[in-house]
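This report refers to the structure that appears directly beneath it.
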Amino acid sequence: MIEVKNVTKTYDIKKNPFTALKDISFTIEDGSSVAILGKSGSGKSTLMHVMSGLDKPELGKILINGKNILDLKQKYVDKFRSKTMGFIFQSFFVQANESCYDNVGLPLEIAGVNLSLRRKRIESALEAVELQDKIKSRAKDLSGGQKQRLAVARAIVNNPKILFADEPTGNLDSVTGSVIENLLFNYNKKNNVTLIIVTHDSDLASRCDMQIHIKDGQIESIDKRKKKK
Amino acid sequence: MKLRDIVIRAARSLKQAKARTLLTSLAIAVGAFSITLSLAAGAGGRAYTDQIIRANTSVDEISVTKASPDEQSGPRKYSVDNYNPQMSFFTGDPLTQQDIDKILKVEGVVEVLPSYDVQIKYITSANSDKYTASVSVFSPSVALKYAAGSVDGGLSDDEIILTEEYVPALGFKDNQYTIGKTVEIVVDKLSAPIYENKTKTFKYKVRAVSSESGLAFRSQSSLLISNNSAKNLYEYINIDTRGYGNFLGASVHVKDAETAELVKDRLMDMGYLAQTSADLLGVVNTFINVLQGILLGFGVLAILTSVFGIINTQYISVLERTQQIGLMKALGMRRRDVGRLFKLEAAWIGFLGGLIGSGLALIVGTIANPYISKALDLGDIYLLIFDPLSIIVVLLGLIIVSVMSGILPARKASRLNPIEALRTE
Chain A
14 MIEVKNVTKT
24 YDIKKNPFTA
34 LKDISFTIED
44 GSSVAILGKS
54 GSGKSTLMHV
64 MSGLDKPELG
74 KILINGKNIL
84 DLKQKYVDKF
94 RSKTMGFIFQ
104 SFFVQANESC
114 YDNVGLPLEI
124 AGVNLSLRRK
134 RIESALEAVE
144 LQDKIKSRAK
154 DLSGGQKQRL
164 AVARAIVNNP
174 KILFADEPTG
184 NLDSVTGSVI
194 ENLLFNYNKK
204 NNVTLIIVTH
214 DSDLASRCDM
224 QIHIKDGQIE
234 SIDKRKKKK
Chain B
2 MKLRDIVIRA
12 ARSLKQAKAR
22 TLLTSLAIAV
32 GAFSITLSLA
42 AGAGGRAYTD
52 QIIRANTSVD
62 EISVTKASPD
72 EQSGPRKYSV
82 DNYNPQMSFF
92 TGDPLTQQDI
102 DKILKVEGVV
112 EVLPSYDVQI
122 KYITSANSDK
132 YTASVSVFSP
142 SVALKYAAGS
152 VDGGLSDDEI
162 ILTEEYVPAL
172 GFKDNQYTIG
182 KTVEIVVDKL
192 SAPIYENKTK
202 TFKYKVRAVS
212 SESGLAFRSQ
222 SSLLISNNSA
232 KNLYEYINID
242 TRGYGNFLGA
252 SVHVKDAETA
262 ELVKDRLMDM
272 GYLAQTSADL
282 LGVVNTFINV
292 LQGILLGFGV
302 LAILTSVFGI
312 INTQYISVLE
322 RTQQIGLMKA
332 LGMRRRDVGR
342 LFKLEAAWIG
352 FLGGLIGSGL
362 ALIVGTIANP
372 YISKALDLGD
382 IYLLIFDPLS
392 IIVVLLGLII
402 VSVMSGILPA
412 RKASRLNPIE
422 ALRTE
């Protein structure tokens, strides 16, 4: 369970204060899929950064399974992130000159997973996104959709509990985009992994269990279609 | 993150910027090259002088002369001791039998051998012309190169060591044939009046023939006989002359190299001038060390320059890979590990540069060695000696220097804000 309590985040406090998040509170159940919706500049990306421990708000609490990650030292936040979270970005951020194997292996290296376990995990992650035949190809030789599938493989390789996706289909055409969507939602259902998608695509958002609408750093509305328990 | 993974990742990042990595490490290679060569030249030079000293003196031998009287202006006062018409070129006082007895009583001294200055008239054999020659005393601890025969242990009093050039001169077929043959040395009695010339023939069996060596000063031109033989010759030549019993110096034999230093100090306290072979070596080595230091300085200067190259390269690398660093941090890579990654990249550059530089030095040195020896007439001695340990030390040193130059860029990388780094719009 993720509880966000009274989170406020202000940028550039001294010169030109800009409040990106104002007193945000909500709760996400384990294994649910959540869309954070809003226009650009609304603060939705900041919210994701704050929830994943990449950014620190001045006020509020982020409780993940009852533990406030804002109380942890940076070292432990990093460790927590590498063990329990997966990330997918709009611009993929795959390493063009590295092989698919090395790209997917990066989170395992960072988490310090044993060499003997790695190959199996990387292979099954690539299998899950149907890229097993590209294991030795360089990432730069892949198409856009394949790159994002590679990024999904990288995000799930370490068996995360929470999957963050920042505009995962933003750079893709609708056909390849829907492939990625299906991948994410299937993974979410099958493994009971919490999926948090930041997007401004309402079609994508409508597939989620919960939609959090952000406007000017504040919650406009929260829609819950069905409760998962 | 495991160190092994960071090392591999660092190497992989460098491989993706091959030209830049190579150029940066070439700068280090220049320094490594000159440092490796200077270390090799220093080691070779010291080994060379060591061999020279060893071929001419021995570590358990101290050469002793009397200290010159204090320098004074004006004419020196006459005394029986300093009146010596036979050694007029020698300004110091000679050693007398009294001195030798005194030195013999010094603790640690095994043997005192006065330097018998033997001037023979000529050397000849059964069927050859007469030849002039100089005769010296054989010392078993001095390294000699033999063309034929050899001397283990001591030289008997009726034996002689010839040099190669005397073999054909004295009418012998070859070096091996000469062994065991008899040669004759004829000496003059100096005290005999010129109209009543007295000479005596001493016969020696050839024990060995020494060959020319690039190292020896003395043994290559002198014929060697035992100390007793030299004494016998000396006695006959000099008896009843004014110089009889006066020696230029003496060689004092002690147990080993350590006692040599102690005995030397005691002799100095007694007013003698004493010099061990280590002293002699020290003088020459100081000269070599200075030369080596200059070469080394150039190498260090080159390394210092390349440090800025590494810093520059690594800063550019951090800029280029901002996004990658951001991603790694977002995926939970710790600041310390990010810093390590960039320091290790610098370490790889240093290692590569060291490998190229030292490797080139090794190749060039190995190829050049025979030519240098030929040009300087060193015989079979090589002037460049590559010590694997010193090459390892150079490599390690370069890695440490490189890591230190990588610290600033690594800090920049580790402090990068992942959110900023991943902002693409």
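Protein chains in written order, with our numbering: chain A, 14 to 242; chain B, 2 to 426.
All C-beta atoms in this analysis are idealised placements derived from N, C-alpha and C, irrespective of residue type, glycine included.
Item to check | Unbroken beta strand (DSSP E) run spanning A149(B), endpoints | outcome: Residue range 147 to 149 is occupied by the beta strand (DSSP E) that includes A149(B).
Next on the checklist: Beta carbons nearer than 9 Å to chain A: which residues of the segment 322 to 333 of chain B have them?
Outcome noted: Here the close residues are Q324, Q325, G327, L328, M329, K330, A331, L332, G333.
Next on the checklist: Taking beta-carbon pairs under 8 Å, can you tell me which members of the segment 398 to 421 of chain B lie near chain A?
Outcome noted: If the cut-off is 8 Å between Cβ atoms, the segment 398 to 421 of chain B has P419, I420 near chain A.
Next on the checklist: Here's a check: name, in chain order, each residue in its chain whose Cβ is nearer than 6 Å to the Cβ of E185(B), leaving out the five neighbours to either side.
Outcome noted: Same-chain partners within the cutoff: T125, T202, K204.
Checklist entry - Should S220(B) be labelled buried (16 or more other beta-carbon atoms within 10 Å of its own) or exposed? => result Confidence at S220(B) is low in this model, with a pLDDT of 44, below 50, so the placement of that residue should be treated as unreliable; the coordinate-derived value is given next. S220(B) should be labelled buried.
Item to check | Under 7 Å by beta carbon: chain A residues contacting L40(B) | outcome: The contacting residues do not exist; L40(B) stays about 39 Å from chain A at best.
Checklist entry - Between which two residues does the beta strand (DSSP E) carrying E112(B) extend? => result 110 to 115
Checklist entry - Across which residues does DSSP place R322(B) in a beta bridge pair? => result Per DSSP, none; premise fails for R322(B).
Checklist entry - Are A348(B) and S403(B) closer than 8 Å when you measure CB to CB? => result yes
Checklist entry - With 8 Å set as the bound, which would you pick, yes or no: does the beta-carbon of Q17(B) sit closer than that to a beta-carbon of chain A? => result yes
Next on the checklist: Please confirm whether R21(B) has its beta-carbon closer than 8 Å to some beta-carbon of chain A.
Outcome noted: no
Next on the checklist: If you follow the alpha helix (DSSP H) that K202(A) is in, where does it begin and where does it stop?
Outcome noted: Membership of K202(A) in the alpha helix (DSSP H) is indicated by the continuous run 187 to 204.
Next on the checklist: Please classify R238(A) as buried or exposed, where buried requires at least 16 neighbouring CB atoms within 10 angstroms.
Outcome noted: exposed
Item to check | Spatial distance of V285(B) from P389(B) (CA atoms) | outcome: 25 Å
Next on the checklist: Extract the residue ranges of the alpha helix (DSSP H) inside the segment 27 to 86 of chain A, only unbroken runs of 4 or more that lie entirely within it.
Outcome noted: 57 to 64
Checklist entry - Any beta-carbon of chain A closer than 8 Å to the one on R335(B)? => result yes
Checklist entry - Is F309(B) helix, strand or coil by DSSP? => result helix
Next on the checklist: For D100(B), tell me which candidate among Q120(B), I9(B), V65(B) has the shortest Cα-Cα distance.
Outcome noted: V65(B)
Next on the checklist: By DSSP's criteria, K204(B) is part of a beta bridge. Which residues make up the other side?
Outcome noted: E185(B)
Item to check | Contact set between the segment 81 to 108 of chain A and chain B, restricted to residues whose Cβ is under 8 Å from the partner | outcome: Q87, K88, D91, K92, F93, R94, S95, K96, M98, F100, F102, Q103, S104, F106, Q108
Checklist entry - Is the distance from the Cβ of L197(A) to the Cβ of A166(A) below 8 Å? => result no
Checklist entry - Opposite S223(B) in the DSSP bridges: which residues? => result S135(B)
Next on the checklist: Restricting to Cα atoms, I'd like to know which of S65(A), T21(A), A48(A), I15(A) is closest to I41(A).
Outcome noted: I15(A)
Next on the checklist: For G183(A), which residues in the same chain have their Cβ closer than 6 Å to its Cβ, ignoring the five residues on either side in sequence?
Outcome noted: If we look at G183(A) and ignore the five residues flanking it on each side, its Cβ neighbours are Q103.
Checklist entry - Taking buried to mean at least 16 other C-beta atoms within 10 Å of its own C-beta, is N19(A) buried or exposed? => result exposed
Item to check | Contact set between K4(B) and chain A, taken where Cβ atoms lie within less than 9 Å | outcome: According to the sequence displayed, residue 4(B) carries Leu and not Lys. Under the 9 Å cutoff, chain A gives no residues; its nearest Cβ is about 10 Å from L4(B).
Next on the checklist: Looking only at its chain, what residues have a beta carbon closer than 8 Å to the beta carbon of K153(A), apart from the 5 residues adjacent to it on each side?
Outcome noted: A109, N110
Next on the checklist: Judging by CA-CA distance, which residue of K228(A), V142(A), L130(A) is the nearest neighbour of S55(A)?
Outcome noted: K228(A)
Checklist entry - Between which two residues does the beta strand (DSSP E) harbouring K228(A) extend? => result 223 to 228
Checklist entry - What does DSSP give as the partner residues of K67(B) in its beta bridges? => result Y273(B)
Item to check | Cα-Cα separation between K22(A) and D36(A), rounded to whole angstroms | outcome: 8 Å
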